[in-house]
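Undergrad:
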Amino acid sequence: DSGVTQTPKHLITATGQRVTLRCSPRSGDLSVYWYQQSLDQGLQFLIQYYNGEERAKGNILERFSAQQFPDLHSELNLSSLELGDSALYFCASSVAGAPRTDTQYFGPGTRLTVL
Amino acid sequence: KNEVEQSPQNLTAQEGEFITINCSYSVGISALHWLQQHPGGGIVSLFMLSSGKKKHGRLIATINIQEKHSSLHITASHPRDSAVYICAVKTDKLIFGTGTRLQVFP
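Protein chains in written order, with this note's numbering: chain R, 1 to 115; chain W, 1001 to 1106.
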């Protein structure tokens, strides 16, 4: 158990809908990262937050957005869902905001299926 | 060309065999992660290394920064080692390889 929690575990929805994925980092970790793992693209970095502020952006679509709240939990919002958004979404956390040196601890993931 | 390449993509072995998984990268990095992803999907960090060699139980990871290459070795493989092994390099973000699917048969 990494100490990172993600809810829900599974989510099934229809095209065009909007969903919110939630992540609670390990106690004491200030940084949260979101990753997408699809069958054809593998794991890809989406976005990083550090202590409530956006720190880095990766391959995140404009239909997706995220935020980190004062209690440090984070939410990833996916809207106008398409079939291709079906994937495993992982959250990871680390102590500081330095991907170069921090160890990241991964949550169990949320499996999103868009029908 | 991907910035992080792993080989082989798929690997099958008999229990007890010595396993090697390779990772080559083309970018400047501060460190390299080896991750294990079980069939259920969860990801576990096995090693983070920036030079030399690390050992944990039956797992050994090595890195050659000059050659931009890392290897993950599993000694005396066991069916419970069956998983996807992913190499990830640390730049300003994590860049992942496509993974090596390992199946160890009894």
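Cβ atoms here follow ideal geometry from the backbone N, Cα and C, with glycine treated the same way.
(1) Compute the Euclidean distance between the alpha carbons of Val-1044 (chain W) and Leu-1035 (chain W), then round it to the nearest angstrom.
(2) For Ser-1051 (chain W), which residues in the same chain have their Cβ closer than 7 Å to its Cβ, ignoring the five residues on either side in sequence?
(3) Which value, in whole angstroms, describes the spacing of the CA atoms of Leu-1072 (chain W) and Gly-84 (chain R)?
(4) Tell me which same chain residues have a C-beta within less than 8 Å of the C-beta of Leu-11 (chain R), skipping the five on either side of it?
(5) Would you kindly check if the distance between the Cβ of Glu-54 (chain R) and the Cβ of Ile-47 (chain R) is under 8 Å?
(6) Do you know whose CA, among W:Arg-1058, W:Gly-1040, W:Glu-1003, lies nearest Ala-1083 (chain W)'s CA?
(7) Touch check for the segment 61-75 of chain R and the segment 31-42 of chain R: three-plus C-beta pairs under 8 Å?
(8) In terms of residues, what are the limits of the beta strand (DSSP E) holding Gly-3 (chain R)?
(9) So is Phe-1059 (chain W) in contact with chain R if we call contact Cβ pairs under 8 Å?
(10) Give me the chain W residues within the contact set of Gly-58 (chain R), using Cβ-Cβ distance strictly less than 8 Å, ordered along the chain.
(11) Could you check whether the Cβ of Ser-1070 (chain W) sits closer than 8 Å to any Cβ belonging to chain R?
(12) Which same chain residues end up closer than 6 Å to Thr-1020 (chain W) when comparing Cβ atoms and leaving out the 5 residues on each side of it in sequence?
(13) So within the segment 47-97 of chain R, which uninterrupted beta strand (DSSP E) runs reach at least 3 residues, ignoring any that extend past its ends?
TA: With the structure as the only source:
(1) For the purposes of this step, residue 1044 (chain W) is taken as the residue at position 44 of the second sequence. For the purposes of this step, residue 1035 (chain W) is taken as the residue at position 35 of the second sequence. Each residue's alpha carbon lies about 6 Å from the other.
(2) In the second sequence, residue 1051 (chain W) corresponds to position 51, counting from 1. By the criterion of a C-beta distance shorter than 7 Å, Ser-1051 (chain W) is surrounded in its chain by Ile-1063, Ile-1065, once the five residues flanking it on both sides are discounted.
(3) Sequence index remark: in the second sequence, residue 1072 (chain W) carries index 72 (1-based). Sequence index remark: in the first sequence, residue 84 (chain R) carries index 84 (1-based). Distance between the alpha carbons of Leu-1072 (chain W) and Gly-84 (chain R): 32 Å.
(4) As a position in the first sequence, residue 11 (chain R) is number 11, starting the count at 1. Val-19, Leu-21, Thr-110, Arg-111, Leu-112, Thr-113.
(5) Here residue 47 (chain R) refers to the residue found at position 47 when the first sequence is read from its first residue. Here residue 54 (chain R) refers to the residue found at position 54 when the first sequence is read from its first residue. The beta carbons of Ile-47 (chain R) and Glu-54 (chain R) sit closer together than 8 Å.
(6) Residue numbering aside, residue 1083 (chain W) sits at position 83 when the second sequence is read from its first letter. It is W:Gly-1040.
(7) With a cut-off of 8 Å on Cβ pairs, the segment 61-75 of chain R is in contact with the segment 31-42 of chain R, counting three or more such pairs.
(8) Here residue 3 (chain R) refers to the residue found at position 3 of the first sequence. Going by DSSP, Gly-3 (chain R) is part of no beta strand (DSSP E) at all; its letter is neither H nor E.
(9) Your numbering for residue 1059 (chain W) matches position 59 in the second sequence. Before going further, note that residue 1059 (chain W) is Leu rather than Phe in the sequence given. Answer no: the Cβ-Cβ gap between Leu-1059 (chain W) and chain R never drops below 8 Å.
(10) As a working mapping, residue 58 (chain R) is identified with position 58 in the first sequence. Chain W residues near Gly-58 (chain R): Lys-1093.
(11) By one-based count along the second sequence, residue 1070 (chain W) stands at place 70. Among the residues facing chain R, Ser-1070 (chain W) is not included, as its CB has no counterpart in that chain under 8 Å away.
(12) For the purposes of this step, residue 1020 (chain W) is identified with residue 20 of the second sequence, where counting begins at 1. Only residues of its own chain outside the window of five on either side were considered, and among them Ser-1071, His-1073 have a CB closer than 6 Å to the CB of Thr-1020 (chain W), listed in chain order.
(13) If only uninterrupted beta strand (DSSP E) runs of at least 3 residues are considered, those enclosed by the segment 47-97 of chain R are 53-57, 64-68, 74-78, 87-94.
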